[in-house]
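*Asks:* One structure, pasted below without further comment.
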Amino acid sequence: MSQINSYIVLYDKLNVRYIYNTSGRAIVWRNVFLFFVLNIFYLYSIYHSLVNKCWITWIFAFWYGMAGGLGVTAGAHRLWSHRSYKARLPFRIVLMIFHTIAGQNDLHEWCRDHRVHHKYAETDADPHNSRRGFFFAHVGWLLTRKHPDVIAKGKQLDCSDILNDPVVKFQKKY
347 MSQINSYIVL
357 YDKLNVRYIY
367 NTSGRAIVWR
377 NVFLFFVLNI
387 FYLYSIYHSL
397 VNKCWITWIF
407 AFWYGMAGGL
417 GVTAGAHRLW
427 SHRSYKARLP
437 FRIVLMIFHT
447 IAGQNDLHEW
457 CRDHRVHHKY
467 AETDADPHNS
477 RRGFFFAHVG
487 WLLTRKHPDV
497 IAKGKQLDCS
507 DILNDPVVKF
517 QKKY
């Protein structure tokens, strides 16, 4: 363990470097607040739908969740990140709307981070490095600032194919 300014550098058994910001600036408080509020609304909606027996709420929630999941898996992941298939403009627009429902950043940022994740898996350049723990890999990476290596490697990656799509441009602009 060594200390550099307000950062503590730790090494684990595999000699993997972890950097923790001790000045408190590593946490994105806006995201922490949003996650907290969204979970409060989620718990309230469950309570409300159980007490008032709103079966239509359960149906809506199911299909809303399916739409968001489809936007991430079929849209951001398979269509834009991996270019697994081609889609016509109307379907791309629907997938962009569904991805927006999921609330996982804009398509360009999502796809860029996913490509960085595949190229630099389990290193400091991986946005959700699982070597930093289960919580970090699933949620924590959304609540903290990106590691400098993630930013540097993301800038080096060619994502012009994503930015040339007018649907992605529209979502990024608005």
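Sequential numbering from 347 applies to the sequence shown in our numbering. All residues carry an ideal CB built from backbone N, CA and C; glycine is no exception.
1. Going by other Cβ atoms of all chains shown within 10 Å of its Cβ, with 16 needed for buried, is residue 485 buried or exposed?
2. Once you ignore the five residues that flank residue 430 on each side, which residues in its own chain have a CB closer than 7 Å to its CB?
3. Whose C-alpha, out of 410, 518, 516 and 499, is nearest the C-alpha of residue 467?
4. Just mark residue 473 as buried or exposed, buried being the case when its beta carbon has 16 or more other beta carbons within 10 Å.
5. Identify, in the order they occur along the chain, each residue of the same chain with its Cβ nearer than 6 Å to the Cβ of residue 517, setting aside the five sequence neighbours on each side.
6. Residues in its own chain within less than 8 Å of residue 446 by CB, not counting five upstream and five downstream?
7. Which value, in whole angstroms, describes the spacing of the CA atoms of residue 480 and residue 462?
*Replies:* Straight from the coordinates:
1. Exposed, since its Cβ has fewer than 16 Cβ neighbours within 10 Å.
2. Closer than 7 Å at the Cβ level, and outside the excluded window around residue 430, lie 424.
3. 499
4. Residue 473 comes out buried.
5. The beta carbon of residue 517 lies closer than 6 Å to those of 442, 452 and 453 in the same chain, with the five residues before and after it left out.
6. 417 and 517
7. 19 Å
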